[in-house]
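K.L.:
Shown below is the structure under consideration.
Numbering (full-length UniProt numbering), first residue to last: 1 to 100.
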């Protein structure tokens, strides 16, 4: 993991990270907003693609897409931003339009 972080530090400047964070913050994605995750997912997917990273969106629930990106590398290491399969503490998360 340290090697990955060092590699990122060599390739990505603090300014690029700051600019990306600023652009993400500008996108409305708060709770209660219709399709609150769609625009930010589109931005992230577009960003990955502009960097030459294979990325796609899959709508897991109506208006709630996930972004999947793949970086080809060497070896068998796997990095995932997923927190794994676990019960979400927010009961409203994952309900369909009928509330179930």
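All C-beta atoms in this analysis are idealised placements derived from N, C-alpha and C, irrespective of residue type, glycine included.
I need the straight-line Cα distance from residue 6 to residue 60, nearest angstrom please.
P.N.:
34 Å
K.L.:
Hey, how far is the Cα of residue 66 from the Cα of residue 3?
P.N.:
27 Å
K.L.:
May I ask you to list the residues that DSSP assigns as paired with residue 70?
P.N.:
54
K.L.:
Is it right to say residue 41 is buried, meaning 16 or more other beta carbons lie within 10 angstroms of its own, or is it exposed?
P.N.:
buried
K.L.:
If you run the structure through DSSP and keep just helix, strand and coil, what is residue 110?
P.N.:
In the structure as shown, the chain begins at 1 and stops at 100. Residue 110 is therefore absent and cannot be evaluated.
K.L.:
With DSSP as the reference, please indicate the residues paired to residue 59 in a beta bridge.
P.N.:
65
K.L.:
Can you grab the Cα-Cα spacing for the pair residue 23 / residue 75, in whole Å?
P.N.:
Cα to Cα, the separation comes out at about 33 Å.
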